[in-house]
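A.B. asks: One structure follows; several queries about it will come next.
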Amino acid sequence: MILSIESSCDDSSIAITKIETLELIYHKKISQEIDHSVYGGVVPELAARLHAEALPKILEECKTYFKELKAVAVTNAPGLSVTLQEGVMMAKALAISLGIPIIAVNHLKGHIYSCFIEKATQFPMTVLLVSGGHTQIIEANSLDDMKIIGQTSDDSFGESFDKVAKMLHLGYPGGPIVQKYGQNGNDTAYDFPIPLRQSPNIEFSFSGLKNAVRVAILEEEKNGTLSDEIKSNICASFEKTAVAHIMMKLKKYFKLYPPKRFAIVGGASANIRLRGECESLCKTYDCEMILAPLQYCSDNAAMIGRIAIEQYCKNEFTLYSNLDIQTRIH
Ligand code: KG4
Ligand code: ZN
834 MILSIESSCD DSSIAITKIE TLELIYHKKI SQEIDHSVYG GVVPELAARL HAEALPKILE
894 ECKTYFKELK AVAVTNAPGL SVTLQEGVMM AKALAISLGI PIIAVNHLKG HIYSCFIEKA
954 TQFPMTVLLV SGGHTQIIEA NSLDDMKIIG QTSDDSFGES FDKVAKMLHL GYPGGPIVQK
1014 YGQNGNDTAY DFPIPLRQSP NIEFSFSGLK NAVRVAILEE EKNGTLSDEI KSNICASFEK
1074 TAVAHIMMKL KKYFKLYPPK RFAIVGGASA NIRLRGECES LCKTYDCEMI LAPLQYCSDN
1134 AAMIGRIAIE QYCKNEFTLY SNLDIQTRIH
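Residue 872 in this note's numbering sits at position 39 of the sequence shown; the count goes up by one each step and never skips.
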């Protein structure tokens, strides 16, 4: 069995996965969303302190499996340095005390393997990774052969939802809240410009759209506090534009390189409008669409355990003395 740890942002999670059968024996996640909600975003120092409380509590429940562990896997990049450090320190302590090797896992690759929890891998596939930190189109051919085709030059898709929610004082994380408000709104109430519409490149940008939303909010605030109707209309119009931007670029990609298999992964892959529009696109191109179960879209240790099995089979171990965190994007 492999014990895996995830602490790259605001979710403390540990999983235990059977190497031969891929079976997920144990999985627990303690989310810090409520703690960060008042700040409208993740406060790194607070997140680290909460990981230091939560991870040992979860680990306590795994003690009965310790004898059977062949390795400990941990996310070491990318993420918030102070929170990654919490998981990495726990992994080092476990590896030293149990005499087992460490597997260092890239969080973004982990998200791709969220599609294969308790399942065989399916490669090649094109992946849309949409999370709080990243927006990328990736051609994934195997564990070690993944190529970024396009990515955002500023904010990520999920982050833009977080920022809109913050500007409207709706709480954190913004994705589910903005989606919910938007469901009651009129998505044609505001005509926000679709980013990079004229650009032929497969790339993303959300800062201009965020700014357009900010200007609209300031304009509305001149007439007093915003009503729920106005908030809903802003959320609906923003979401429509953000998804239209992604779809415009995806359509360009599909036209140039029609894939046989397409997956959406990352926390923001829970977005209903995005899922629906990707489904239609895949139908048009007779392309198989792969989605991770909803509980594995956001950060979790099950996906880290799943990719760790592949790394274990390839002897991709890291000496605990060499294991460091990397906070760069990729
Ligand atoms: O993958 P994840 O759990 O953490 C990172 O690795 O960043 O993704 C979290 C992000 C947050 O920005 C959150 O607002 C966004 O995913 N998100 C959504 C939705 N649910 C979560 N964004 C849009 N629509 C959603 N339904
Ligand atoms: Zn993530």
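Every residue, glycine too, gets a C-beta built ideally from N, C-alpha and C.
Return the chain-ordered list of same chain residues with a C-beta closer than 7 Å to the C-beta of residue 934, the five sequence neighbours on each side being excluded.
C.D. replies: As a position in the sequence shown, residue 934 is number 101, starting the count at 1. Closer than 7 Å at the Cβ level, and outside the excluded window around residue 934, lie 904, 928, 1150.
A.B. asks: Return yes when at least one heavy atom of the ligand ZN lies under 7 Å from the C-beta of residue 1099, else no.
C.D. replies: Looking up residue 1099 in the sequence shown gives position 266. Residue 1099 Cβ: within cutoff of the ligand ZN.
A.B. asks: Take the Cβ of residue 988 as the centre, count every other Cβ of all protein chains shown within 10 Å, and call the residue buried at 16 or more, exposed below.
C.D. replies: For this step, residue 988 is matched to residue 155 along the sequence shown. Residue 988 should be labelled buried.
A.B. asks: For residue 984, report the span of its beta strand (DSSP E) as first-last.
C.D. replies: For the purposes of this step, residue 984 is taken as the residue at position 151 of the sequence shown. Taken as a continuous stretch (DSSP letters only), the beta strand (DSSP E) holding residue 984 covers 978-984.
A.B. asks: Is the beta carbon of residue 888 sitting closer than 8 Å to the one on residue 866?
C.D. replies: Within the sequence shown, residue 888 is the residue found at index 55, counting from 1. Within the sequence shown, residue 866 is the residue found at index 33, counting from 1. The answer is no: Cβ separation not under 8 Å.
A.B. asks: Indicate whether the contact test is met: 3 or more Cβ pairs, each with one atom in the region 1050-1068 and one in the region 1005-1022, closer than 8 Å.
C.D. replies: yes
A.B. asks: Measuring from each Cβ to the nearest heavy atom of the ligand ZN, keep the ones under 5 Å and list them in chain order.
C.D. replies: 964, 1132
A.B. asks: Quick check on residue 1105: buried or exposed, where buried means 16 or more other Cβ atoms within 10 Å of its Cβ?
C.D. replies: The residue you call residue 1105 lines up with position 272 of the sequence shown. Under this definition residue 1105 is an exposed residue.
A.B. asks: Taking residue 1080 as part of the alpha helix (DSSP H), name the residues at either end of that continuous run.
C.D. replies: Within the sequence shown, residue 1080 is the residue found at index 247, counting from 1. Following the DSSP letters along the chain, one finds residue 1080 inside the alpha helix (DSSP H) bounded by residues 1061-1089.
A.B. asks: Could you check whether residue 962 and residue 941 sit closer than 8 Å to each other, using their CB atoms as the reference points?
C.D. replies: Reading the sequence shown from its first residue, position 108 is the one you call residue 941. Reading the sequence shown from its first residue, position 129 is the one you call residue 962. Going by C-beta atoms, residue 941 is nearer than 8 Å to residue 962.
A.B. asks: Where are the beta strand (DSSP E) runs, 3 residues long or more, that stay fully inside the region 868-927, in chain order?
C.D. replies: Segments of the beta strand (DSSP E) lying fully in the region 868-927: 904-910.
A.B. asks: Looking only at its chain, what residues have a beta carbon closer than 7 Å to the beta carbon of residue 1112, apart from the 5 residues adjacent to it on each side?
C.D. replies: Locating residue 1112 in the sequence shown gives position 279, counting from the first residue. Excluding sequence neighbours, residue 1112 sits near 1122.
A.B. asks: Helix, strand or coil for residue 1040? Go by DSSP, reduced to three states.
C.D. replies: The sequence position of residue 1040 within the sequence shown is 207, counting from 1. DSSP places residue 1040 in helix when its eight states are reduced to three.
A.B. asks: So does residue 1128 have its beta carbon nearer than 7 Å to some heavy atom of the ligand KG4?
C.D. replies: Numbered from its first residue, the sequence shown carries residue 1128 at position 295. Checking the Cβ of residue 1128 against the ligand KG4 gives no.
A.B. asks: Cβ of residue 1104 within 7 Å of any heavy atom in the ligand KG4?
C.D. replies: For the purposes of this step, residue 1104 is taken as the residue at position 271 of the sequence shown. Indeed, a heavy atom of the ligand KG4 lies less than 7 Å from the Cβ.
A.B. asks: So, helix, strand or coil for residue 969, using DSSP?
C.D. replies: Position 136 of the sequence shown holds residue 969. In this structure, residue 969 counts as strand in the three-state DSSP scheme.
A.B. asks: Under 7 Å from any heavy atom of the ligand KG4, does the C-beta of residue 865 make it?
C.D. replies: Indexing the sequence shown from 1 puts residue 865 at position 32. Checking every heavy atom of the ligand KG4 against the Cβ of residue 865, none is found closer than 7 Å.
A.B. asks: When the Cα atoms are used, what is the spatial distance from residue 1032 to residue 1127?
C.D. replies: Position 199 of the sequence shown, counting from 1, holds the residue named residue 1032. Position 294 of the sequence shown, counting from 1, holds the residue named residue 1127. Those two C-alpha atoms are separated by around 33 Å.
A.B. asks: Is there at least one non-hydrogen atom of the ligand KG4 closer than 7 Å to the beta-carbon of residue 842?
C.D. replies: Looking up residue 842 in the sequence shown gives position 9. Checking the Cβ of residue 842 against the ligand KG4 gives yes.
A.B. asks: Take residue 1077 and list the residues in its own chain whose beta-carbon comes closer than 8 Å to its own, dropping the five residues that flank it on each side.
C.D. replies: By 1-based counting over the sequence shown, the position of residue 1077 is 244. So the list reads 1027, once near-sequence residues are dropped.
A.B. asks: Quick one: what does DSSP say residue 993 is sitting in, helix, strand or coil?
C.D. replies: Residue mapping note: residue 993 aligns to position 160 of the sequence shown, counting from 1. Reduced to three states, the DSSP call for residue 993 is helix.
A.B. asks: Assuming residue 1107 is part of the alpha helix (DSSP H), what are its boundary residues?
C.D. replies: Translated into positions along the sequence shown, residue 1107 becomes position 274. Segment 1105-1117, the alpha helix (DSSP H) holding residue 1107.
A.B. asks: Measuring CB to CB, does residue 1020 end up less than 8 Å from residue 1084?
C.D. replies: Mapped onto the sequence shown, residue 1020 falls at position 187. Mapped onto the sequence shown, residue 1084 falls at position 251. Not closer than 8 Å, so no.
A.B. asks: Consult DSSP for residue 1163 and reduce its assignment to one of helix, strand or coil.
C.D. replies: Here residue 1163 is taken as the residue at index 330 of the sequence shown, counted from 1. Caution is warranted here: a pLDDT of 39 is assigned to residue 1163, below 50, making its placement in the model unreliable, and the coordinate value is therefore given only provisionally. It is coil, neither helix nor strand.
A.B. asks: Suppose you measure from the CA of residue 1053 to the CA of residue 856; what does that come to, to the nearest Å?
C.D. replies: Counted from its first residue, the sequence shown places residue 1053 at position 220. Counted from its first residue, the sequence shown places residue 856 at position 23. Taking the straight line from one Cα to the other gives about 52 Å.
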